[in-house]
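Below: the structure, in structure tokens.
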Amino acid sequence: MKIALFGGTFDPVHRGHLAVARTAAEKFGLSLIYFAPADIPPHKQKRKLTDFQHRFAMLALATVDDKRFIPSLLDAHTGRPNYSIDSARRLKSSLKKSDKLYFLIGMDAFKDIATWRQSEELLQECEFIVARRPGHSLADVGRALPASLRPQEEILHALEKRRANGTVSLPGATIHLLDDVHERVSSTQIRAAARESVKQLSRLVPQPVAEYIKKEHLYVAGAPKTEAGGARRGNMLSLHRGISRSGKRE
Ligand code: ATP
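The sequence shown: position 130 = 563 (the working numbering), numbered continuously.
Set out below in structure tokens:
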């Protein structure tokens, strides 16, 4: 079975993530895609993330209609930064020998791959599917690789004008490029639009996610995010799962 790991902050999950997953599943015959929100992303965030349980709840709502999409607790509450090499190896250890694991990622995240912990091992561990995002060329994929795997500058130069599609096979890395997704939406955009109506938000996220954002008063500037909804009405996720509102297990 072909399986993909799709990591991210998913704050919140949006139609772009779902389009990437759907397109990758169809193009590469993926049977399962694990959407694994990071509890503690290793690269320092400029802003405080929304509580893990909210991000996970939105993922569960967004993925309910597609049986290939699995909201995953792979990176939940490990107490350590979620390094992709650890997540990929942990997931792989639960798969069958005949299964093949892919790592699904957007180009904006892939461009920093050389700075990731054990990036060369990660590239060896699974084939990558890199989804294009506006403003990135095929050469950017090559340039992003760790120095030991990076093609020569003349080759990169020749790739500059090429469409970001196809497969780049190098000793130590196989990277498939996905140029068929044209959803320009980002989580940043949704956080900025949180005061819009459910109808407006539903253009960017599945409707149940838009309703959840409203119900829990997420992303509303000035509102204490972790208290929203939870304090007044009782946060169901927190109360029923033995997880405190600070995100720690009780
Ligand atoms: P933010 O706006 O907060 O930076 P984001 O929209 O990039 O968030 P993430 O949760 O950081 O969302 O993304 C998870 C993964 O999905 C990353 O690999 C990212 O590159 C990819 N991704 C997100 N949105 C898109 C999109 N519209 N098209 C292609 N890839 C995307």
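Just so it is clear, CB atoms sit at the ideal spot from N, CA and C, and this is done for glycine as well.
Closest to residue i by CA distance: which of the options is it?
| i | options | result |
| --- | --- | --- |
| Asp-545 | Leu-582, His-476, Asp-532, Leu-451 | His-476 |
| Lys-533 | Leu-438, Lys-632, Tyr-652 | Leu-438 |
| Glu-558 | Glu-586, Pro-604, Arg-624 | Pro-604 |
| Ile-729 | Ser-620, Thr-496, Lys-529 | The question about residue 729 has no answer, for the chain in this structure spans 434 to 683. |
| Phe-489 | Ser-520, Asp-472, Asp-499, Ser-527 | Asp-472 |
| Thr-548 | Asp-613, Phe-468, Ser-517, Leu-507 | Ser-517 |
| Ser-581 | Glu-554, Gly-599, Val-563 | Glu-554 |
| Thr-379 | Met-491, Ala-457, Phe-461, Lys-435 | Beyond the ends of the chain as shown, which are 434 and 683, falls residue 379; an answer cannot be given. |
With H, G and I counted as helix, E and B as strand and the rest as coil, what does DSSP make of residue i?
| i | result |
| --- | --- |
| Gly-539 | strand |
| Ser-552 | helix |
| Ile-436 | strand |
| Thr-511 | coil |
| Thr-442 | coil |
| Leu-589 | helix |
| Pro-475 | coil |
| Ala-430 | Within the shown structure, residues of the chain are numbered from 434 to 683, placing residue 430 beyond reach of any answer. |
| Ser-602 | strand |
| Pro-641 | helix |
According to DSSP, residue i sits in a beta bridge with which residue or residues?
| i | result |
| --- | --- |
| Leu-611 | Ala-564 |
| Lys-533 | Lys-435 |
| Ser-526 | In the DSSP output, where bridge partners are listed per residue, Ser-526 has none listed. |
Take the Cβ of residue i as the centre, count every other Cβ of all protein chains shown within 10 Å, and call the residue buried at 16 or more, exposed below.
| i | result |
| --- | --- |
| Pro-567 | exposed |
| Gly-512 | exposed |
| Ile-588 | exposed |
| Ser-630 | exposed |
| Gln-585 | exposed |
| Gly-539 | buried |
| Arg-448 | buried |
Going by the C-beta, is residue i closer than 7 Å to any heavy atom of the ligand ATP?
| i | result |
| --- | --- |
| Asp-573 | no |
| His-476 | no |
| Gly-539 | yes |
| Arg-501 | no |
| Asp-444 | yes |
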